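Student: This is the structure I want to talk about, given as structure tokens.
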Amino acid sequence: MGYHQLPSMRDYWATDPDLGVSFVSSRMSRNRFEDILRNLHVRDNLTITAGQKDRLFKLRPMIDLLNFRFKQLVKPGTYLSVDESIILFKGRSTLKQYNPMKRIKRGYKLWCLACMSGYVYNFEVYQGKFQVIKDDFRIWTWRWSRETND
Numbered sequence: 001m002g003y004h005q006l007p008s009m010r011d012y013w014a015t016d017p018d019l020g021v022s023f024v025s026s027r028m029s030r031n032r033f034e035d036i037l038r039n040l041h042v043r044d045n046l047t048i049t050a051g052q053k054d055r056l057f058k059l060r061p062m063i064d065l066l067n068f069r070f071k072q073l074v075k076p077g078t079y080l081s082v083d084e085s086i087i088l089f090k091g092r093s094t095l096k097q098y099n100p101m102k103r104i105k106r107g108y109k110l111w112c113l114a115c116m117s118g119y120v121y122n123f124e125v126y127q128g129k130f131q132v133i134k135d136d137f138r139i140w141t142w143r144w145s146r147e148t149n150d
């Protein structure tokens, strides 16, 4: 979890002072955390259609909420950049990308719209060559290119 990586999730609640993390164990019991993790859903499974094209359909409400909040909090600057970003992931996933020429070779690829300070205004997870790009991302890119060309 986060910066303090342990071999097993249960190790955060270990009673051994060399292994356990008191910051985590003092705030929530292990059983409570596992219950929340097991039952946390961001999308109702009954609303999912059979011909779903979006491979992130279960996470889409959370991604849309994050993008909405990112745009609300900070006004975009003059210079914006559309760039790819890789999130390190070593597990199994059909969304995982491999690029041997990059520092992070395996992981999830994101297309990000960011300013010079590094603040991300919008992001979209790359789902493959035949991915449908959301109109919202196109609008932000168009605004950026129009402002810089005028």
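So the sequence shown is numbered by the UniProt record's numbering: it starts at 1 and just counts up by one.
For every residue, glycine included, the Cβ atom is placed at its ideal position computed from N, Cα and C.
Just so it is clear, the structure is predicted and the values come from calculations on it, not from any experiment.
Contact check, Ser85 vs Leu110 under 8 angstroms by CB: the rounded distance?
Tutor: Contact flag correct, Cβ pair sits at about 5 angstroms.
Student: Expressed to the nearest angstrom, what Euclidean distance is found between the alpha-carbon atoms of Ala114 and Leu59?
Tutor: Cα to Cα, the separation comes out at about 21 angstroms.
Student: Answer with buried or exposed for Tyr98, where buried requires no fewer than 16 other C-beta atoms within 10 angstroms of its C-beta.
Tutor: Its Cβ having fewer than 16 others within 10 Å, Tyr98 is exposed.
Student: Mind checking Asn67: buried by the 16 CB within 10 Å criterion, or exposed?
Tutor: Its Cβ being crowded by 16 or more others within 10 Å, Asn67 is buried.
Student: Helix, strand or coil for Asp54, going by three-state DSSP, please let me know.
Tutor: Three-state result, Asp54: coil.
Student: Nearest to Gln127 by alpha carbon, out of Cys112, Leu46, Tyr108?
Tutor: Comparing Cα-Cα distances from Gln127 to each of Cys112, Leu46, Tyr108, the minimum goes to Tyr108.
Student: Using DSSP with H/G/I as helix, E/B as strand and the rest coil, what is Trp142?
Tutor: Because Trp142 sits at a pLDDT of 48, beneath the cut-off of 50, its placement in the model cannot be relied upon, and the following sentence gives the value as read from the coordinates. Of the three classes helix, strand and coil, the one that applies to Trp142 here is helix, per DSSP.
Student: Check whether the stretch 39-52 and the stretch 5-19 are in contact - that is, three or more C-beta pairs closer than 8 angstroms.
Tutor: Taking 8 angstroms as the limit for Cβ pairs, the verdict is that the stretch 5-19 does not touch the stretch 39-52.
Student: Between Asn122, Met9, Arg30, which lies nearest to Arg69 when the distance is taken from Cα to Cα?
Tutor: It is Asn122.
Student: Taking DSSP as the reference, what is the three-state secondary structure of Leu19?
Tutor: Residue state, collapsed to three classes: coil.
Student: What's the gap between the Cα of Ser117 and the Cα of Ile104?
Tutor: If I take the Cα positions, the gap works out to 22 angstroms.
Student: Within the continuous alpha helix (DSSP H) that includes Asn39, where are the two ends?
Tutor: 30-39 is the span of the alpha helix (DSSP H), which, as asked, contains Asn39.
Student: What is the rounded straight-line gap between the Cα of Thr78 and the Cα of Glu34?
Tutor: Going by the C-alpha atoms only, they are around 45 angstroms apart.
Student: Do you know offhand how far Ile48's Cα is from Met62's?
Tutor: Whole-angstrom Cα-Cα distance: 15 angstroms.
Student: Which value, in whole angstroms, describes the spacing of the CA atoms of Asn149 and Asp83?
Tutor: The predicted position of Asn149 is uncertain, since its pLDDT is 45 and thus under 50; a value taken from the coordinates is nonetheless stated next. Those two C-alpha atoms are separated by around 18 angstroms.
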